[in-house]
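**Student:**
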Amino acid sequence: MNEALCLQYVKTTAGLLQLPLCDAQATRVALHLQRTAAMARLLDSAGLTAHDELVEIYCPAPFPAVDPTLDSAGPSR
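Residue numbers (the working numbering): 1413 to 1489.
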């Protein structure tokens, strides 16, 4: 999508969603949208498969059984 089409898309979508955007705001949104689309194209061209996703890297810490900020008398102040 070229710059003019992207800007037209942003303005049309903002209008449909009833989001008031001045021309400067619409231009900035279009710029960020184009940048995001370029990053998405780079990721798509990387040739990764679902197997390449390293989901197991993210491992949240276990939720504490007891809130350490509370003692037996109640909340600390």
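Cβ coordinates follow ideal geometry from the N, Cα and C atoms, glycine included.
Along the alpha helix (DSSP H) that carries residue 1477, what are the first and last residues, could you check?
**Tutor:** Translated into positions along the sequence shown, residue 1477 becomes position 65. No alpha helix (DSSP H) holds residue 1477; DSSP gives it neither H nor E.
**Student:** Which residues bound the alpha helix (DSSP H) around residue 1459?
**Tutor:** Numbered from 1 along the sequence shown, position 47 holds the residue referred to as residue 1459. Neither: residue 1459 is in no alpha helix (DSSP H) and is coded neither H nor E.
**Student:** What does a CB cutoff of less than 7 Å around residue 1440 pick up in its chain, not counting 5 residues either side in sequence?
**Tutor:** Along the sequence shown, one-based indexing puts residue 1440 at 28. Same-chain partners within the cutoff: there are none.
**Student:** At what residues does the alpha helix (DSSP H) containing residue 1415 begin and finish?
**Tutor:** Position 3 of the sequence shown holds residue 1415. Run containing residue 1415: 1415-1428, per the alpha helix (DSSP H) assignment.
**Student:** For residue 1426 versus residue 1436, is the C-beta spacing smaller than 8 Å?
**Tutor:** Sequence index remark: in the sequence shown, residue 1426 carries index 14 (1-based). Sequence index remark: in the sequence shown, residue 1436 carries index 24 (1-based). Going by C-beta atoms, residue 1426 is not nearer than 8 Å to residue 1436.
**Student:** In angstroms with no decimal places, state the Cα-to-Cα distance between residue 1379 and residue 1423.
**Tutor:** Absent from the model: residue 1379. The displayed extent of the chain is 1413 to 1489, so no value can be given.
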